[in-house]
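Enquirer: Taking this note's numbering, I'd label the letters of the sequence shown as residues 1 to 202. The beta carbon of each residue, even a glycine, is placed where N, CA and C say it ideally should be. Can you read through this structure? Questions will come right after.
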Amino acid sequence: MTTVCYIGEAPDDHNCCPSCGMECMPSNMKTGIGKHLHECAASHKLHHAQVSACDTFKPSHCLWNGCSKVSTVWQTRDTHRKHLEAHLTWLSSLSTSGKTRCCMWELCEEPTHTDWYISDWAFHFVADHGINLNKAIIVDHCALCGEWVEDQKGDRSAWNAHCKTHYKTIFAPFKQCLQGHVLGFCWKVLERQSGIVPSVHE
Numbered sequence: 001m002t003t004v005c006y007i008g009e010a011p012d013d014h015n016c017c018p019s020c021g022m023e024c025m026p027s028n029m030k031t032g033i034g035k036h037l038h039e040c041a042a043s044h045k046l047h048h049a050q051v052s053a054c055d056t057f058k059p060s061h062c063l064w065n066g067c068s069k070v071s072t073v074w075q076t077r078d079t080h081r082k083h084l085e086a087h088l089t090w091l092s093s094l095s096t097s098g099k100t101r102c103c104m105w106e107l108c109e110e111p112t113h114t115d116w117y118i119s120d121w122a123f124h125f126v127a128d129h130g131i132n133l134n135k136a137i138i139v140d141h142c143a144l145c146g147e148w149v150e151d152q153k154g155d156r157s158a159w160n161a162h163c164k165t166h167y168k169t170i171f172a173p174f175k176q177c178l179q180g181h182v183l184g185f186c187w188k189v190l191e192r193q194s195g196i197v198p199s200v201h202e
């Protein structure tokens, strides 16, 4: 019996799922063996990413000017993230007096904004303060090579860099082509994979 799996995924030598140990039989895996292996691998990778983020977290103070908890040392990533969510909520709302909001993080030079959502301010914390406020670490799977890419920083830079590597490899044979002579199907693959379109001059 032939089992169709994602690149880099297959039953182990005992015909079992490498992640959970279940025997790879259609009767055991109602959604299909290949799908089970992939979903099980995804669950394992996601768990590993969360554990890694928690294990590497360093106890931190809140550097928000005027914060009532400024002296508190946040010992875990989860408690630190939950505390900062209150500041993000404040940033994304307008005050009753109609004043605009600006980031109050120590030495922050970000101007005021009236149209930023929590997600915009969360990305600001990543880009300017190096703090990933995503509750769950994002893990992407590359269908081209089978690699799993963790977004520990929270800025998608690791995934974008991975996709650009494939892009450069795909287009290497056409490096000397005239501008505009690009294979459309390659663009579509990369767009579906990453949501970005790298420059043809990179």
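Here's a check: name, in chain order, each residue in its chain whose Cβ is nearer than 7 angstroms to the Cβ of Thr96, leaving out the five neighbours to either side.
Expert: Reliability of the predicted coordinates at Thr96 is poor, the pLDDT of 45 falling under 50, and the value obtained from them is presented with this limitation in mind. Answer for Thr96: no residue qualifies.
Enquirer: Pair every Cβ in the region 120 to 128 with every Cβ in the region 31 to 43, then say whether three or more of these pairs are closer than 8 angstroms.
Expert: In short, these stretches do not touch, since the Cβ pair count stays below three.
Enquirer: Just to confirm, is the Cβ distance from Pro223 to Cys20 under 8 angstroms?
Expert: With the chain covering 1 to 202 only, the question about residue 223 has no answer from this structure.
Enquirer: With distances taken Cα to Cα, identify the nearest neighbour of Val73 among Cys67, Ile170, His83, Ser60.
Expert: Among Cys67, Ile170, His83, Ser60, the Cα nearest to that of Val73 belongs to Ser60.
Enquirer: Assuming the contact rule is C-beta atoms closer than 8 angstroms, His113 and Arg101 should be a hit. Round their C-beta distance to whole Å, please.
Expert: Yes, they are in contact, since the Cβ atoms of His113 and Arg101 sit about 7 angstroms apart, within 8 angstroms.
Enquirer: Is the CB of Trp90 under 8 angstroms away from at least one CB in chain B?
Expert: You won't find chain B in this structure, because it holds only one protein chain.
Enquirer: Can you find a heavy atom of the ligand MN that lies under 7 angstroms from the Cβ of Lys82?
Expert: In the structure shown, the ligand MN is absent, as is every other ligand, since no ligand is present at all.
Enquirer: Within the chosen definition, does the region 145 to 160 reach the region 43 to 54 through at least 3 CB pairs nearer than 8 angstroms?
Expert: Yes, since at least three Cβ pairs between the region 145 to 160 and the region 43 to 54 fall closer than 8 angstroms, the two stretches touch.
Enquirer: Leaving out the 5 sequence neighbours to the left and right, which residues in its chain are closer than 7 angstroms to Met104 when beta-carbon positions are compared?
Expert: The answer, listed in chain order, is Trp64, Asn65, Gly66.
Enquirer: May I ask you to report which of helix, strand or coil DSSP gives Ser43?
Expert: Looking at Ser43 - three-state DSSP - the assignment turns out to be helix.
Enquirer: Can Leu84 and Cys108 be called in contact, C-beta distance under 8 angstroms?
Expert: Going by C-beta atoms, Leu84 is not nearer than 8 angstroms to Cys108.
Enquirer: Taking all protein chains shown into account, decide if Trp90 is buried (16 or more other Cβ within 10 angstroms of its Cβ) or exposed.
Expert: Exposed, since its Cβ has fewer than 16 Cβ neighbours within 10 Å.
Enquirer: Please return the same chain residues whose Cβ sits closer than 7 angstroms to the Cβ of Glu110, not counting the five positions on each side in sequence.
Expert: Cβ within range, chain order: Cys102, Cys103, His124, Asp128.
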